[in-house]
Amino acid sequence: MAGGSAQAAAAAVEVKLKNGGFKVVGKYFPKGLTEYGVVIATDDAMLREVGSVGGHAVLGAAIRVGVKADGSVAYTNPDYWYRAYFRKDFDRKEAAVKGVQTRLQAALGAGSGQGGDEAPGTLANYRYMIGMERLDSYKNKLAEYGSFAEALKAVRENLAKGIGKTSKVYEVVMPDRKLAAFGVAMNDGGNSDGEWVKKIDMQDNIAGLPYEIYVVDNVVGSPHGRYRIALAFPDVGMGQFMRISSLPNVIIETMSAVAGAEKKSSGDAWQ
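Converting from the sequence shown to the numbering used here requires adding 41 to each position, the first position being numbered 1.
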């Protein structure tokens, strides 16, 4: 696709995904990364599986496809991400995961999956290093409301206001399960998505974006940076992560604002 743009590449992927039975729920072109974009889709069959597992598995609601202006594509590898998000429930969901993987390959080609070389058996309890957070870290909890509806309303309103220099990339809501996931663009200068991805030199793994905030029943949470960034970019060395040493804390502060929580800091850095 000589002389193409990220927007044109994303539009082509959107058509292929829709033809493959997926629903496109958002597109994201991070500031400062003009050659890159992400198309976010959902799949009804996988949403049923996500809903039946519940809890943190809501992070698996979205399937992300990274695109480059030259037309190359890399989507989130279902086997990798659902092992991490379904955890002990993965075995009974494996057929559904294989099914969505097959359909993604049919729609977009085999390609290289966005994930990592982690041993499959380690993903259920994945953490980057000893002492760092796992998927279910208590630090994920940002705010609690009287009901699912109130929690959902708070997140929607704060994203609409652009609190913390954020904007909404997508939302997936499963009201019957009291689950919701939002893709959040972070647009604040040196901590913007485009800037921090450049700092660790992982532009080609753009499908690691956008970052998420989620609602489970009446609680708003967001995966801890040292878990979520490492899961998306597990092959990045500690030296690279030290270039974004303050980012996990920035993320907690930003997502706390979106959650409508008192401003809080975890004090956690990449160290």
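Using N, Cα and C, we set each Cβ at its ideal position, and we do this for glycine too.
Per DSSP, which one or two residues make a beta bridge with residue i?
| i | result |
| --- | --- |
| V238 | Answer by DSSP bridge pairing: none, since V238 is not bridged. |
| L220 | M215, V257 |
| Q155 | T117 |
| I104 | A82 |
| K226 | One point to set straight first is that residue 226 is Ala, not Lys, in the sequence displayed. Answer is S208, bridged to A226. |
| V65 | A82 |
| G262 | K182, Y255 |
Have a look at residue i and residue j and give me their C-alpha separation to the nearest angstrom.
| i | j | result |
| --- | --- | --- |
| V79 | I171 | 31 Å |
| K206 | A148 | 34 Å |
| G157 | N118 | 9 Å |
| N290 | N232 | 11 Å |
| M42 | S113 | The predicted position of M42 is uncertain, since its pLDDT is 42 and thus under 50; a value taken from the coordinates is nonetheless stated next. Their backbone Cα atoms lie some 9 Å apart in a straight line. |
| G73 | E236 | 7 Å |
| L183 | R175 | 16 Å |
| V11 | V106 | Outside the displayed span of the chain (42 to 312) sits residue 11, for which this structure offers no information. |
| K134 | L272 | 20 Å |
| A298 | I204 | 7 Å |
| E212 | I81 | 10 Å |
| I104 | E303 | 31 Å |
| V65 | V141 | 15 Å |
| D84 | F63 | 5 Å |
| G162 | G249 | 21 Å |
| N166 | K194 | 32 Å |
| G45 | S208 | 26 Å |
| A190 | A137 | 29 Å |
| Q281 | K202 | 33 Å |
Between residue i and the ligand ADP, is the CB less than 7 Å from at least one heavy atom?
| i | result |
| --- | --- |
| R124 | The ligand ADP is absent from the structure shown, which contains no ligand whatsoever. |
Tell me whether residue i is buried or exposed, calling it buried when 16 or more other Cβ atoms sit within 10 Å of its Cβ.
| i | result |
| --- | --- |
| L234 | What sits at residue 234 in the sequence shown is Asp, not Leu. When all chains shown are included, D234 counts as buried. |
| E253 | buried |
| A221 | buried |
| G56 | This sequence places Val at residue 56; Gly is not what is there. By the 10 Å Cβ count, V56 comes out exposed. |
| T295 | buried |
| D132 | exposed |
| R124 | buried |
| P216 | exposed |
| E198 | exposed |
Identify whether residue i lies in helix, strand or coil by the three-state DSSP scheme.
| i | result |
| --- | --- |
| Y77 | strand |
| E303 | coil |
| R168 | coil |
| S208 | strand |
| K72 | coil |
| Y252 | strand |
| L183 | strand |
| M243 | coil |
| G96 | helix |
| G162 | helix |
Between residue i and chain C, is any beta-carbon pair separated by less than 8 Å?
| i | result |
| --- | --- |
| L183 | The structure shown has no chain C; it contains just one protein chain. |
Can you check whether the CB of residue j is closer than 8 Å to the CB of residue i?
| i | j | result |
| --- | --- | --- |
| A300 | V261 | yes |
| Y121 | L164 | yes |
| F127 | G101 | yes |
| Y268 | S178 | yes |
| G266 | I241 | no |
| V313 | V99 | Beyond the ends of the chain as shown, which are 42 and 312, falls residue 313; an answer cannot be given. |
| G92 | G224 | no |
| V214 | P251 | no |
| N246 | F274 | yes |
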